[in-house]
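In what follows, a single structure is set out as structure tokens and then discussed.
In this note's numbering, the protein residues as written are 8 to 344.
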């Protein structure tokens, strides 16, 4: 019996030069048939793009070999980057990734989007395609840079665009991440490595006072500060202010009376000798981090400081108890608020 038009059980090998993701045009140009592009060992993440089964297998192996607590988060970011690279092969000239996509690609604290946010400068028409959310942006509101070779909106432009869809608290989290001054392995700060300054965010907001989300951007600006290095730290800082606690120093180096640096902590109420450590999962899962924390807290206590350790349970949720715990510690050291 003849079976016309069916693919063979074992499709012909693809030209090795194609790699795991490629366009149909490139494949045909390099010798593959259009019929081969319909084989079951290929998927089509976007129109005109193919992804091989071997690519998916290798990606699954990488996911399985990642035991870190934030493995799901990193898996989602890797898949977003793969999708962005695939779509970049067929995206129109002048297009760029923006919004949540640009933020997630750059490691900013936002949920990884299900669709790729792809922008164009007005009056060009926003793209419409499977897996894509098109955005048309006024030229004076956007600056485009590159990430991993991909065109993306600049960090400041990305933050301003997110005003349309994020809450004020989420905008503060992203803003804090942008203005945070990174430290190296020796604890030295590098202001030149910060993604933005507070003034950059102020200027971006003032550039278009009637843009979608402008009111939320202005509200977020009142709360963004340099020194919070994670969304959890941002939530503590904002929540502590709402609870009426005094203003702490952020990302501060703590020394003993002889000038020896004991450590670097997220929050220090210097007048009351109270240190607050808001700990994520890495403090629990990293043996090295755990041992270092124990030594640091002992040193803090020896220098006359009280350490309050909090987790997300104490900071977030409908009934966070961490602020009462910190208030009690402050009162033990003379705070009368």
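Even for Gly, the Cβ is constructed at its ideal location relative to N, Cα and C.
- Its Cα nearest to that of residue 134, the residue 99 stands out among 29, 99, 161.
- Excluding residues up to 5 positions away in sequence, 196, 197, 200, 201 lie with their Cβ nearer than 8 Å to the Cβ of residue 189 in the same chain.
- When secondary structure is reduced to three states using DSSP, residue 47 falls in the coil class, being assigned neither helix nor strand.
- Residue 78 sits exposed, since fewer than 16 C-beta atoms from the chains shown fall within 10 Å of its C-beta.
- Residue burial is scored here from C-beta neighbours: residue 223 has at least 16 other C-beta atoms within 10 angstroms and is therefore classed as buried.
- Setting aside the 5 residues that flank it on each side, residue 332 is surrounded in the same chain by 315, 317, 321, each with a C-beta closer than 8 Å to its C-beta; the list follows chain order.
- Proximity of the segment 90-107 to the segment 61-75 falls short of the contact definition, fewer than three beta-carbon pairs being nearer than 8 Å.
- The segment 287-335 contains, as complete alpha helix (DSSP H) runs of 4+ residues, the segments 289-292, 294-309, 319-322 (chain order).
- Within the model, the alpha-carbon separation for residue 19 versus residue 40 is close to 10 Å.
- Residue burial is scored here from C-beta neighbours: residue 279 has at least 16 other C-beta atoms within 10 angstroms and is therefore classed as buried.
- Counting only runs of 4+ residues, the alpha helix (DSSP H) found wholly inside the segment 42-119 occupies 60-71, 78-95, 106-112, in chain order.
- Just so you know, the alpha carbons of residue 228 and residue 258 end up roughly 19 Å apart.
- Restricting attention to 87, 178, 122, 268, the CA atom closest to the CA of residue 142 is found in 122.
- Per DSSP, the continuous alpha helix (DSSP H) segment holding residue 222 begins and ends at 221-228.
- Check the Cα spacing between residue 255 and each of 31, 264, 244, 230: the tightest is with 244.
- Taken in chain order, the whole beta strand (DSSP E) runs of length 3 or more contained in the segment 190-268 are 256-262.
- Below 8 Å, too few C-beta pairs join the segment 210-221 and the segment 230-240 to call them touching: fewer than three.
- The Cβ atoms of residue 23 and residue 103 do not sit closer than 7 Å to each other.
- Residue environment analysis places residue 302 among the exposed positions, since fewer than 16 neighbouring C-beta atoms fall within 10 angstroms of its C-beta.
- Residue range 281-285 is occupied by the beta strand (DSSP E) that includes residue 283.
- With fewer than three CB-CB distances shorter than 8 Å, the segment 304-311 does not count as touching the segment 326-344.
- Annotation: residue 152 is outside any alpha helix (DSSP H); the continuous beta strand (DSSP E) that includes it extends over 151-154.
- When secondary structure is reduced to three states using DSSP, residue 27 falls in the coil class, being assigned neither helix nor strand.
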